[in-house]
Amino acid sequence: MLPRRPSRLVRRYDSAFRIIRRPQIHGLISVLYGKSKPEAALSSRRSIVLCLLLGGLLTGWLTWRNRSSPPRPSEKSAAIINKQPVTFASRTFDPTSPPADMPPLATGEEAECDSNFLSNASVGGQTRKVDATHARVTITQIKMTLQLSVTIWAPAGVSPHVLEHEEGHRQIAEYYYQTAGELAQRIATKYVGRQVEITGADLDAESSKMLQQGATEITDEYNKELNPEPTQLLY
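Our numbering puts the sequence shown at residues 4 to 238.
Below is the structure:
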């Protein structure tokens, strides 16, 4: 009986994270997993020739598999981090009529520094069906895109002391962002190779749900560990 091939479908989600599952691929592996029973009547010479032939086929298949198959879950390169450069803007506003896209000022504040840390996770996985209602999902690849957008809002004519203070908040945010790539790499790598058993009548839907949950957990963990808020409050 031919072995089951893992399902690899594509799913995209235009939100804080995207889920990718690749299309199903069929290859020579289904042939090589077939069983054969050489008959006892084969001569030793024919046996040697057969072994050499099978050995050559196996070597060729292994070479093809290494070139054409997707990265195994154990490969650390399956966690890819794309850390974008910091974007900064300095904007002036009228205190009597602040713009709609400006965050509200805290009580007693003249200016503010708005630091926006963004993370986008794309999770790829393979689903291997056990039967009609049971399957095992393996996370095979994770891609994360990290961004930091900093905006200093200050009214015209504000004192240099106030601007210096807001610049300090900017430096704190950028300091935390310096090691964001290493943090994201460590978090994402933990999830590569993770296997989850799923059940349900629609295994594709359950697989997508599981991968979406994994992407959410990754971004949540990143935000929790990166969190510069305690330092910003002390400044």
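Cβ atoms here follow ideal geometry from the backbone N, Cα and C, with glycine treated the same way.
Owing to the predicted nature of the structure, the values given are computational and were not obtained by experimental measurement.
- Beta-bridge pairing by DSSP links A135 to no other residue.
- A109 sits exposed, since fewer than 16 C-beta atoms from the chains shown fall within 10 Å of its C-beta.
- In this structure, the straight-line span from the alpha carbon of L236 to that of M213 is close to 36 Å.
- Distance from V89 to I142 at the Cβ level is roughly 30 Å; contact not present, criterion being Cβ atoms closer than 8 Å.
- The beta carbon of A208 lies closer than 7 Å to none in the same chain, with the five residues before and after it left out.
- Counting only the Cα atoms, M105 lies some 34 Å from R189.
- Contact between V153 and S210 does not hold, since the beta-carbon distance rounds to 38 Å and is not under 8 Å.
- Contact annotation: L149 and K227 have beta-carbon atoms that are not nearer than 8 Å.
- Closest option to E224, judged by alpha-carbon separation, among D205, I201 and A191: A191.
- If you look at N226, you'll find it in the alpha helix (DSSP H) that goes L206 to L229.
- With respect to the 8 Å criterion, C116 and I155 are classified as neighbours on the basis of their beta carbons.
- Here DSSP, grouped into helix, strand and coil, assigns A191 to helix.
- V133 is positioned such that its CB atom lies no closer than 8 Å to that of V199.
- Nearest neighbour of T136 by Cα position, chosen from T95, A81, L206 and A92, turns out to be L206.
- Under the DSSP assignment, V199 falls in the beta strand (DSSP E) whose first and last residues are Q198 to T202.
- C-alpha of L166 to C-alpha of P158: approximately 10 Å in a straight line.
- Linking R94 to S100 through their CA atoms gives a straight-line distance of about 14 Å.
- In the structure shown, E115 adopts extended strand secondary structure according to DSSP, grouped into three states.
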